[in-house]
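Residue numbers (numbering that gives the first Met the number 0): 0 to 820. Have a look at the structure below before the remarks.
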Amino acid sequence: MRWKGDVAIITGRYLSADESTIMELWSRARNGQSVLLRVHGVRPWFEITPHGRWKDGENHPNLPETYEEITEVRGPEMKWTYLGEKPVWKVFVKQPFMVPKIRQELSGKWTILSGDIPFVNRFFLDGDLSMHVTVDGEVCESEHPVDVCIDISMDEVKHCEPFPAPFKIFSFDLETSIAHDTILCAAAVIEDMGTGERERHTFSEDEQTILENLTKLVRETDPDIITGYNIDNFDMGRILDRANFVSGNDKEKKIRTLGWGRVSTDEQGRRRDTLFPTRGTSRAWNMAGRCVMDAWWQARQALRPQRETLKFVSTLLFPESEDMQKMDVDASKMDEEWKNRPEEVIEYCLRDAELPLDIMHKIQAFRRKEAVAAVAKVSLDTSANGTTSQLIDSLVIRMADRTGIGVPLTGSAERKEGQIEGGYVHDVEAGLHRWVAILDFKSMYPSIMIGKNICYTTRIDDMLSDAFSPEDYEKSPTGAKFCHDGIRRGMVPKLLEDLMSQRDVHKAGMRNASDEAQRSYHDQMQYAVKILMNSFYGVFASGFYRFTHRQLGESITAWARQNIKTIIQKLGDEGQHVVYSDTDSIFVKTPVDGVTDPRQAMIEFGHSTAERFSEKSAELEFETGMSVFFSHGAKKRYVGQVVWPEEKMMIKGYETQRTDSFRYLTEGMKNIFKHVLADDSEAAINLAIETISAVKKGDVPVRDLIMSKSCKGRWDRKRAKWDFSQDYANPDAMIQVRAARAIIDKGLPFTPGMKIAYIVTNAKNRPMEIKPWLEEDPVAEYDGQFYADRLATAFGRVTEAFDWSAKELLAGNRQTSLFSF
DNA sequence: CAGGTATCCTAC
DNA sequence: TAAGGTAGGATACCTG
């Protein structure tokens, strides 16, 4: 029997059979079924080429045909490398896991190419496939817990236009004993994104039964994605630990308590690894067939919230929700709560299993990752949990394979020493400036890469410059040479151009969409394309990417600096006033002498200036027009009243933007800025003084003084405690570490990397005394002098422009300064 | 109390 | 031993 249809690939692995290698790809079909694709006929290989430059007729080392693991050596084929065209042999091996060893043994005589690409990637690379594919294969028996399993070959898979897959999501939460680390209860909410239906389950039996029932539920409901709040660092690890503990050496029991992977429980040996969730050294968890997405991680990336607790993020996203107003269980007294009111704890647990689902939908985490997967042509798991370089690899390697370019190993190039020089930041003039037009370069770094044909494959190495004449290439301001596209068109410029036009297609799709679903789809896709385009520069300027060289990054930024400095110079020569500039933007004052409508004049000036200085592949755009711009004179810190294209206040860099600040400061500063922009410095100063005086007197709710900083740290297995000394030179000198320690001492969970909230209670002592902020047990007192000083410093920087120092603000009058003269 | 170091977070 | 970049402001702590 055949099965035909469109599927979205979640993740994959390979299996070594006797004479072949099988790829297993787990997917969710458009029709809602979970489908396991067993791909046959793909053989593992890598490539070899002699070291150094190649001269025709030269001898090469003996081909490695005697190795038992090698089944065939094919070639040679001439391929491009940074040392010129070279003969490349394709070496087939019996199994993918044999590659590292052989690679190692051959590396003395041969340069290895394509030798570090995970085997499953070959599906996407060789077939030029993406996350969404159409398959037509023979249904086969499978012991794995899926709806359908089919056997296919690569020619039974075709590209499919992306579609919103009806994922099944499993969101869960555990409540655990502080005294014994045991699991007290658990809850899970399973959502079918196809129908929108949810089912809810709670578990409150003995620990082993809870683990078994959770595992059973995972296997029965067959989810594609596992989520929950902070599961990466807490719940997944706890499940692993407790399942191992209750199972001891009983393998069957371990399978019943921990067998979450989408594979048969009868798997033997190595294959069984993926039945159990694992987390190597990476951030993300791995298990066969499913993708683990932590709602905390997604929310922090999408929202950059001031604090990162589930309650804070939920209230931020759902301020109206009644659920959040309900009395909470005190997590710091969980054992007591569990003993006294288990029903409430279970209800609380269920709520905390459901909220992550709501959060993930609100920030559109699933659809965004799916769109990135579609654009970068990777699986959902790679999109959700992979690195930026894996996304870029996916596009670049498939192009290299199709255009005869050798793929070097990651780490094969010389490591970049020191930093490369970055963008140019112009000094900002302190004070108020009126009618300022902001001109921006459109996609500056991608445009330069396209325009100057910058790529690993177009760079002319000094060793090869004898083979080129000066008209073959362009020299960057740093002296690096990149050949013209007539000689060789770079892969990166080509890919970026393709992405740019893809984005245009989706933007048009958005405009022409007939319904919201279609508009949203195109929006997700255009956004994913934008993200990906902007990732190129960073990856190619990094020190360890396989297709990079420090000249690439250096040249891109050098050309960027040259472009922007030239324009600033020209504007200055014309008598225009450049107020500020950062990397790809120029802030210019509109000449308004004798003008009746300055706003209109600014719009016209903005457009005409942008047009005058635009060049091919260095296109300037008039993005924003401000009636007033203010800065106290520090780069990357300014505020403006935007009047075009819309009315809004724009603040950059200042404390209002910072998540390690506190609400009372950010709100106060915003209001001060309003007065400043309204040209009412007196009101600004009065407000500053009042605000400072109120906090000093202790009149401010402590809740408005919560500060928050992220805290690193790692679990020390041997000593069974959190270790901060790996991440901090002097851990006790760090406020957030002291706050984290206080939380840990209370028996509350600590998540490395998560922001820790605290109140300063006494800054006279050094290091200053702080108390962690816990919703269940709010801090009552604060150090008024400390907060007053902090406000005065921040406000003072602004009011200094109107001749009021921080000291004067604190004193509430100008007497101090008068006397000091 | 000035100056140096470590760290956080932001703008681009 | 895992991996997009640099420029920049600001704070807390420590030292002499």
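Cβ coordinates follow ideal geometry from the N, Cα and C atoms, glycine included.
Along the beta strand (DSSP E) that carries residue i, what are the first and last residues, could you check?
i	result
His576	His576 to Asp581
His39	Ser33 to His39
Tyr526	Premise fails: Tyr526 lies in the alpha helix (DSSP H), Glu515 to Phe539, not in any beta strand (DSSP E).
Ala28	Thr20 to Ala28
Asn761	Lys754 to Asn761
Ile88	What sits at residue 88 in the sequence shown is Trp, not Ile. Looking at the DSSP string, the run of the beta strand (DSSP E) that includes Trp88 is Gly83 to Val92.
Glu160	First-last for Glu160: undefined, no H or E at that position.
Trp44	Trp44 to Pro49
Ile419	Note, Ile419: premise wrong, no beta strand (DSSP E); not H, not E.
Tyr472	Tyr472 to Lys474
Pro75	Ile69 to Thr80
Glu174	Lys167 to Thr175
Ile111	Trp109 to Leu112
Among residues of its own chain, excluding the 5 on either side of residue i, which ones have a beta-carbon nearer than 7 angstroms to its beta-carbon?
i	result
Pro222	Lys167, Ile168, Phe169, Ile189 and Arg289
Phe661	Asp703, Leu704, Ile705 and Met706
Lys54	none
Trp558	Ile447, Lys451, Ser475 and Pro476
Gln94	Ser15, Thr20 and Pro43
Ile758	Val701, Leu704, Ile705, Ile769, Lys770, Trp772, Val778 and Tyr781
Leu309	Tyr228, Asp351 and Leu354
Ser509	Note that residue 509 corresponds to Met in the displayed sequence, not to Ser. The answer, listed in chain order, is Arg518, His521, Asp522 and Gln525.
In the DSSP assignment, find the alpha helix (DSSP H) that holds residue i and state where it starts and stops.
i	result
Ala187	Taken as a continuous stretch (DSSP letters only), Ala187 belongs to no alpha helix (DSSP H), being part of the beta strand (DSSP E) at Ile182 to Asp191.
Pro341	Pro341 to Lys361
Met668	Arg662 to Leu676
Ile230	Unbroken run through Ile230: none, as it is neither H nor E.
Val884	What is shown of the chain runs 0 to 820, which leaves residue 884 out entirely.
Asp240	Met235 to Ser246
Thr256	Lys250 to Leu257
Thr798	Gly783 to Thr798
For residue i, which residues in the same chain have their Cβ closer than 6 angstroms to its Cβ, ignoring the five residues on either side in sequence?
i	result
Phe818	Residue confidence for Phe818 is low, a pLDDT of 45 falling below 50, so the modelled location carries little weight; the figure read from the coordinates is stated next. No residues qualify anywhere along the chain.
Trp821	Past the edges of the chain, shown from 0 to 820, lies residue 821, and the structure says nothing about it.
Glu674	It should be noted that the sequence gives His, not Glu, for residue 674. Taken in chain order, the residues that qualify are Ala682 and Ala683.
Pro49	His59
Arg73	Lys89
Val147	Trp2, Gln32 and Val34
Ile224	Phe166, Ile168, Cys290 and Met292
Leu82	Arg52
Lys708	Asp659 and Gln735
Ala28	Gly4, Val6 and Val34
Thr823	The structure shown does not extend to residue 823, since the chain is modelled only from 0 through 820, so no value can be given for it.
Would you list the one or two residues that DSSP bridges to residue i?
i	result
Asp5	Thr133
Gly639	Phe628 and Met649
Pro771	Tyr757
Ala436	Val587 and Gly624
Ser152	His39
Gly11	Leu24
Ser500	Ser500 pairs with nothing; no bridge assigned.
Trp284	Partner(s): none; Trp284 has no beta bridge.
Ile224	Ile168 and Cys290
Thr277	Asn285
Using C-beta distances below 8 angstroms, list every residue in its chain close to residue i, excluding the 5 sequence neighbours before and after it, in chain order.
i	result
Asp722	Gly712, Arg713, Trp714 and Asp715
Glu428	Val578, Tyr579, Ser630 and Gly632
Ile151	Leu36, Arg37, Val38, His39, Val134, Asp135, Gly136 and Glu137
Tyr894	Since the first residue shown for the chain is 0 and the last is 820, residue 894 is missing from the structure and cannot be characterised.
Tyr526	Arg367 and Ala370
Tyr13	Thr20, Ile21, Met22, Glu23, Pro95, Phe118 and Val119
Asp776	Asp329 and Ser331
TODO: Kindly confirm or deny that the stretch 551–563 and the stretch 466–484 touch, where touching means at least three C-beta pairs closer than 8 angstroms.
DONE: Segments in contact, yes.
- [ ] Within the stretch 580–626, note down every full alpha helix (DSSP H) run reaching 4 residues or more, in order along the chain.
- [x] Counting only runs of at least 4 residues, the stretch 580–626 fully encloses the following alpha helix (DSSP H) elements, listed from N- to C-terminal order: 597–612.
TODO: Report yes or no: do three or more beta-carbon pairs, one from the stretch 589–601 and one from the stretch 387–395, lie closer than 8 angstroms?
DONE: The answer is no - the stretch 387–395 does not touch the stretch 589–601, with fewer than three Cβ pairs under 8 angstroms.
Open item on the list: Using a Cβ distance threshold of 8 angstroms, determine whether the stretch 123–132 contacts the stretch 103–114, with at least three qualifying pairs required.
Closed with: The stretch 123–132 is not in contact with the stretch 103–114.
Open item on the list: Three or more C-beta pairs under 8 angstroms: does that hold for the stretch 435–443 against the stretch 612–631?
Closed with: At 8 angstroms Cβ cutoff, the stretches touch.
Open item on the list: Below 8 angstroms, how does it come out for the stretch 350–370 and the stretch 315–334: are there three or more Cβ pairs, yes or no?
Closed with: Counting C-beta pairs with one atom in each stretch, the stretch 350–370 and the stretch 315–334 have three or more that are closer than 8 angstroms, which means they touch.
- [ ] Would you check if there are 3 or more beta carbon pairs closer than 8 angstroms linking the stretch 637–657 to the stretch 610–618?
- [x] With a cut-off of 8 angstroms, the stretch 610–618 and the stretch 637–657 do not count as touching, because too few Cβ pairs lie within range.
Open item on the list: List, from N- to C-terminal side, the beta strand (DSSP E) runs of 3 residues or more that fit wholly inside the stretch 698–762.
Closed with: If we require 3 residues or more, the beta strand (DSSP E) runs fully inside the stretch 698–762 come out as 706–709, 713–715, 720–722 and 754–761.
TODO: Note down, one range per segment and in chain order, each alpha helix (DSSP H) of at least 4 residues found wholly within the stretch 364–415.
DONE: Complete alpha helix (DSSP H) runs here, min 4: 364–375, 379–384 and 387–401.
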